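In the working numbering, the protein residues as written are 1 to 133.
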């Protein structure tokens, strides 16, 4: 998952992927397609994607998340945020966060972890290249 997240971030960073390419569910579906060899067929329902632009790397460093009632809740400082997919312009600072609720296959493991899923997470923060907007 980390490699796929890095690959998508590289394409965004260099301008190979633009806002139209990742609109709606396109970004999520693109990631699920690349994950399909290792994840269940329920990827679109278990995958959460957040892509957003930040004013600085220090601003991006305030982004976080927490698990609340079994759900991923994005945070920025003490405030909560909704998931968003917004591609930044040339030379902007961006962060891509990908969360996948991996199903646990064995009853013994599920009992020890207190549920039937475990969260996998990957994140990349970068500054876009000076491509043509």
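The beta-carbon is built from N, C-alpha and C at its ideal position, and this holds for glycine as well. Because the structure is a prediction, the values reported are computed rather than measured.
Residue 13 - DSSP class collapsed to helix/strand/coil: In this structure, residue 13 counts as helix in the three-state DSSP scheme.
Own chain residues within Cβ distance below 8 angstroms of residue 44, not counting five before or after: For residue 44, where only same-chain residues beyond five positions count, the Cβ hits under 8 angstroms are 25, 28, 29 and 32.
Residue(s) in a DSSP beta bridge with residue 123: Bridge partners of residue 123 according to DSSP: 97.
Which listed residue (14, 121, 133 and 50) has its alpha carbon closest to that of residue 86: Selected option, being the one with the closest Cα: 50.
Three-state class that DSSP yields for residue 37 in the structure shown: Correct three-state label for residue 37: coil.
Beta-carbon separation (whole angstroms), residue 48 vs residue 131, contact threshold 8 angstroms: Contact between residue 48 and residue 131 does not hold, since the beta-carbon distance rounds to 27 angstroms and is not under 8 angstroms.
Buried versus exposed call for residue 88 [16 or more other C-beta atoms within 10 Å across all chains shown]: It counts as buried.
Check whether residue 125 and residue 104 have beta carbons under 9 angstroms apart: No, Cβ-Cβ distance for residue 125 and residue 104 is not below 9 angstroms.
DSSP beta-bridge partners of residue 68: Paired residues: 71.
Proximity below 9 angstroms, CB of residue 95 to CB of residue 122: Not in contact: residue 95 and residue 122 (Cβ atoms no closer than 9 angstroms).
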